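For reference, the structure is listed below as structure tokens.
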DNA sequence: CAGCGTAGTGTCAGTCACTGACATCAGTCA
DNA sequence: TGACTGATGTCAGTGACTGACACTACGCTG
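Below is the structure:
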């Protein structure tokens, strides 16, 4: 058990290291350019050149320009899935979802600067907003749906409740995100998210 | 200004009639081409030529190719807003939202063929999915948020509940849409949507 | 360790969504 | 009727993305 942890983590060779290095260079250079020049004003060729690769290489690592911006979020889906799986089986569904989504919130807190850039661009650039909603957030939503369906013991195609729970949780997360983006950099994002997620369980009492 | 007064329904002149005729020709020709050739396989120039206008004219009527596909949904937002406003003030929020969203469902029922094409493409083409979520559905969601906030007497920026309600309702609608698309053409969409929306109020009881 | 297969990259040329600029023509209205 | 204005056509671009092909270096196997 030297560097191998659980699922046979083999030391990656030079080729793989170069590949991930290129990928990360693209992500950071893109973020820097988006920050300084704006999203639409930055071309994919500029990003590629800043990372010292050909434009074609950028599109071998990412399917779209938007995907470069959110490139550091790919494993968040897995993280959310594991957080959901880690909740005790006898915990109420909404509580399990709430706790798991706080793992996402915690990640945002840890990568505050990058997340703020992403949220800011999602709020101002149409194509980024669309990507964030339809690709990033939708992937999280699917994890919540899957987990909620499993806990409720139902088929998410027949029973609408898993998807409704997921939609409500994602809405809560969006509210927290918007509030956080509008406030000072040291605002506690997890607390905001928690407050919003608690309100998710209050839909009944909202009745009137 | 324009001709006489504005809010009232004035008989549109020949110029306006031509304009809307062009717009509608673009929408129907696009739908026909998307149906037969597929979305990605149809170029905007082909759509324009089928409608007997220049490609440039298409982009004066619609900002994107996806917007042409959903061109017949523009006034649905207004319809939803009015349905929300029409609900009695003393009705519980969730019930008002449910009834209003059934107005959307009813529209889908009435334009079954076109809606099925749109949903099918949204399920298979990434850019269409993104547009549907981030533009079309998001606009409905905003209407629900606004109405729910007004009914609860809260500011939707501070209080997450309006957005959570809206997110849950939109999720219910998406479930119903997916179920409907997968079933026979004469399936009762309103009934499916109603069943899903009823479940929205059951999040508390879902507890365990 | 020599040699072979292949993954990651560069280069080039092409497609297509979308846009600015300018000319033209047709409704509209004084 | 004549001036104004808004819808359209034409043309020339920009920039995101893609297929094809060649090349190099990594890594494995004999």
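Protein chains in written order, with our numbering: chain P, 67 to 274; chain W, 67 to 274. Built from N, CA and C at the ideal position, the CB exists for glycine as well. Treat the numbers as computed from the prediction; the structure is a model and nothing was measured.
Hey, quick one: how far does the alpha helix (DSSP H) through residue i stretch, first residue to last?
i             : result
residue 142/W : 142-152
residue 243/W : 227-248
residue 260/W : 255-266
residue 22/P  : This structure leaves residue 22/P out entirely; chain P is present only between 67 and 274.
residue 187/P : 178-190
residue 122/W : 121-127
residue 92/P  : 80-103
residue 218/W : 204-218
residue 115/P : 110-116
residue 135/P : 131-135
Assuming residue i and residue j make a contact with CB atoms under 8 Å, what is their CB distance in whole Å?
i             : j             : result
residue 227/P : residue 229/W : Between residue 229/W and residue 227/P the Cβ distance is about 19 Å, and since that is not below 8 Å, they are no contact.
residue 247/W : residue 186/W : 6 Å
residue 209/P : residue 143/P : 6 Å
residue 213/P : residue 150/P : 4 Å
residue 170/W : residue 269/P : At roughly 20 Å, the Cβ-Cβ gap does not stay under 8 Å, so residue 170/W and residue 269/P are not in contact.
Are residue i and residue j close, meaning C-beta to C-beta below 8 Å?
i             : j             : result
residue 117/P : residue 88/P  : yes
residue 259/P : residue 168/P : yes
residue 38/W  : residue 137/W : Residue 38/W lies beyond the range of chain W shown here (67 to 274); nothing can be said about it.
residue 93/P  : residue 140/P : no
residue 215/P : residue 266/P : no
residue 101/W : residue 183/W : yes
residue 114/P : residue 178/P : no
residue 206/P : residue 146/P : yes
residue 108/W : residue 99/W  : yes
residue 200/P : residue 200/W : yes
Shortest alpha-carbon distance to residue i belongs to which of the options?
i             : options                    : result
residue 132/P : 265/P, 236/P, 177/P, 96/P  : 96/P
residue 91/W  : 79/W, 112/W, 268/W         : 112/W
residue 217/P : 152/P, 262/P, 204/P, 251/P : 152/P
residue 225/P : 206/W, 174/W, 261/W        : 261/W
residue 155/W : 219/W, 237/W, 268/W        : 219/W
residue 195/P : 106/P, 80/P, 79/P          : 106/P
residue 204/P : 181/P, 236/P, 123/P        : 236/P
residue 244/P : 82/W, 223/W, 249/W         : 223/W
residue 130/P : 197/P, 166/P, 221/P        : 197/P
residue 162/W : 103/W, 85/W, 148/W         : 148/W
Contact between the segment 248-256 of chain W and the segment 186-203 of chain W: three or more CB pairs below 8 Å? Contact fails: fewer than three Cβ-Cβ distances are below 8 Å.
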